[in-house]
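Structure first, commentary second.
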Amino acid sequence: MRVLCVAEKPSIAKSITGILSGGRFTTRNTRTNFIKNYDFDYPQTNAHFTVTAVAGHLTSHSFHDTHQSWNSCDPFELFDAPVKSEISKDAKTMEANILAEARTADMLMIWTDCDREGEHIGSEIARVCRKAKRNIIVKRARFSAIIAQQIHNAAQHPVELDQAQADAVEARTVLDLKIGAAFTRYQTKTLKALANLPGELKIGPCQFPTLGFVVARYNDVQGFIAEAFWYIYLALTRNGEETKFNWRRGHLFDMDVAAVIYQQVLSDVTARVTKVTKKPTKKWKPLPLTTVELQKAGSRLLRLAPKKVLDIAEKLYQQGFLSYPRTETDQFDPQFDFMTLINKQTVDPAWGQFATTLQGGEFTPPRRGKNNDKAHPPIHPTAHVGNLAGDEKRVYEFVTRRFLACCSKDAVGSQTTIDVVCGGEEFFTTGLIVHERNYLDVYPYDKWVSHAVPDFAEGEEFRPSVCELKDGETSPPSLLTEADLVTLMDKNGIGTDATIAQHIETIVQREYVIERFEGQVKYLVPSTLGIGLIEGYNQIGFDKSLSKPQLRRETERAMVQVCERNKTKHDMLNQAIEQYKEMYIIARRDFGRVITVSQSRFLPYSI
DNA sequence: GCAAGGTC
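Dropping the structure here:
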């Protein structure tokens, strides 16, 4: 029996080979530089195994010649035009490899990631192998972590490929192409005549809402009207130290009411301590690291663009320093071997000492988040490396410190709250004493510092040194940062962990969005072009405007229904296409308004 | 010449 195993990427092929072969295997090169074929015997199932890989999807989708050219048809026709799927140019040599290997194999065992895209890639691989050998047995190995026991179990008990998941991905792929092509061709043709545009106005179902978020926040900032408020401020200076008290009411927007209360307080300005509460408190250590969290942290703490952080993590992964950097999982497998990885870090001059204390008994299992993609563990260092420089060093350091922090203990402190009453009004102040820093010692990105309050006794009375009616005003929301945008996209299901950063980079490259620095912080502001497009589409009055996340969220939901077999891929495709067609028709009917809004925006092209 | 999703 000869079994051909095909993984989604070379690294997985290598890992499962190492486990299944027990380290005894031979390696053959293929015509694709980075893909190897591994051969070995697997006595457990009395089979000869060949393990290889592809690199993601093998096929790409396009229109037939009749609709390929921009002048071949009205863009609207694209919604109903047939779409063909072909092996993409880059994938030809990978296809040739698995074709050749499949010819002499009895069974194909698919080892792609256990997610929707993995199931679809599996279906692409199966199609190629059946072309080489019509009656090849097709099986799928199911595993949720690269752990010896799981990999052996998957190899010995393969299951069937899940066609429903592959169908869901197929439907989305076709849908995205049609939407992207129809709207891109239409708005480019219509608006290009107007202004001196640099090229095509490319747009797609993820680009629309991503840009929409940036414009919406910009409008919130522009349209913000500050509101005045009033509050009573109380302070006590004792032994040269000032303690500030907060008003329980926070602040009031009605000056007259605030003034009346203030007068009442002034009638008796003796403050009495009603309660002194001292309670233990903790600062929780961080959750295991996902891609989205890495990007947010990278943007906020390291000031690196999300795409840049992911590119660096990718490179460190390829060098064997980090685990796979695209993961939604924020819980470690219970069998995860923490100690071996912690041991590797004990030699580091900066955090080695801390790793040693974890080794010596301070280790505590990481917190468990709510997400598990069943394909990859949280991001962690897989080896120690001491000779990195620049941004690579900073990203590696962040991931490593985060991992060690996860394996450490929460910080422990105690919080003191002092409640006082003055003139019938309640005020309070709090103090914090940090007793054990624990994970904070290795994770300087979190701040938690003691701020003591003087000793107050219950029942104690004092005369405040300050009692004033102060005013202030509400402050505008801040412009969107990249970290904010990643959060919004993640929450609304726009893009995936692997593509969110890409989408952000795309709208910047297309000049719909401009990066604006205020000090060290980078904000995203829409360009005149970006505002013109989004406001134009919004003015048309879609309740499900293309600039809002709703339509994309519905696509995501429909995919889940297809996966659960509550909907066919044809129904999903037809229903979604009908909705986008409707948007398109309204846009075309009212596009004059888009043009009016756009014209003033487009002419002064750059900001 | 259009997208979004994989990964190199």
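Position 136 of the first sequence, counting from 1, maps to 136 under the UniProt record's numbering, and the rest follow consecutively.
Using N, Cα and C, we set each Cβ at its ideal position, and we do this for glycine too.
Just so it is clear, the structure is predicted and the values come from calculations on it, not from any experiment.
Scanning the segment 463-508 for uninterrupted alpha helix (DSSP H) segments of 4 residues or longer gives 482-492, listed from N- to C-terminal end.
Annotated as proximal: residue 37 and residue 50, with beta-carbon spacing under 8 Å. For residue 136, no alpha helix (DSSP H) run applies, since DSSP gives it neither H nor E. Take the alpha-carbon of residue 518 and the one of residue 306: they are about 18 Å apart. Within the model, the alpha-carbon separation for residue 395 versus residue 12 is close to 23 Å. Here DSSP, grouped into helix, strand and coil, assigns residue 408 to coil. The beta carbon of residue 157 lies closer than 6 Å to none in the same chain, with the five residues before and after it left out. Residue pairing from DSSP places residue 85 in a beta bridge opposite 61. The count of Cβ pairs closer than 8 Å, one atom from the segment 425-441 and one from the segment 449-460, reaches three, so the stretches are in contact. Assignment of residue 513 by DSSP, reduced to helix, strand and coil, places it in the strand class. Residue 438 places its beta carbon 8 Å or farther from that of residue 414.
Judged by beta-carbon spacing, residue 524 lies beyond the 8 Å limit of residue 469, meaning their Cβ atoms are not closer than that value. Leaving aside the five residues that flank residue 112 on each side, the residues in its chain whose CB is nearer than 6 Å to its CB run, in chain order, 8, 118, 121 and 122. Excluding its 5 nearest sequence neighbours in each direction, residue 314 has C-beta neighbours in its own chain below 7 Å: 325, listed in chain order.
In this model, residue 502 and residue 340 are separated by some 34 Å (Cα to Cα). Residue 97 is not a Cβ neighbour of residue 190, given a cutoff of 8 Å.
For a cut-off of 8 Å, the C-beta gap from residue 274 to residue 466 is around 20 Å, too long to register as a contact.
For the 8 Å CB-CB criterion, residue 505 and residue 527 do not form a contact.
When only Cα atoms are considered, residue 361 and residue 337 end up about 15 Å apart. Residue 245 sits close to residue 427, with the two beta carbons spaced by under 8 Å. Of 83, 329, 391 and 565, the smallest CA-CA separation from residue 370 is found for 329. Positions of the beta strand (DSSP E) runs, each at least 3 residues long and wholly inside the segment 330-375, cannot be given because no such run exists. Per DSSP, residue 431 is one residue of the beta strand (DSSP E) stretching across 425-436. With respect to the 8 Å criterion, residue 83 and residue 177 are classified as neighbours on the basis of their beta carbons. Under the three-state reduction of DSSP output, residue 381 falls in the strand class. Note that the segment 74-91 does not touch the segment 201-213; fewer than 3 beta-carbon pairs, one per stretch, sit closer than 8 Å.
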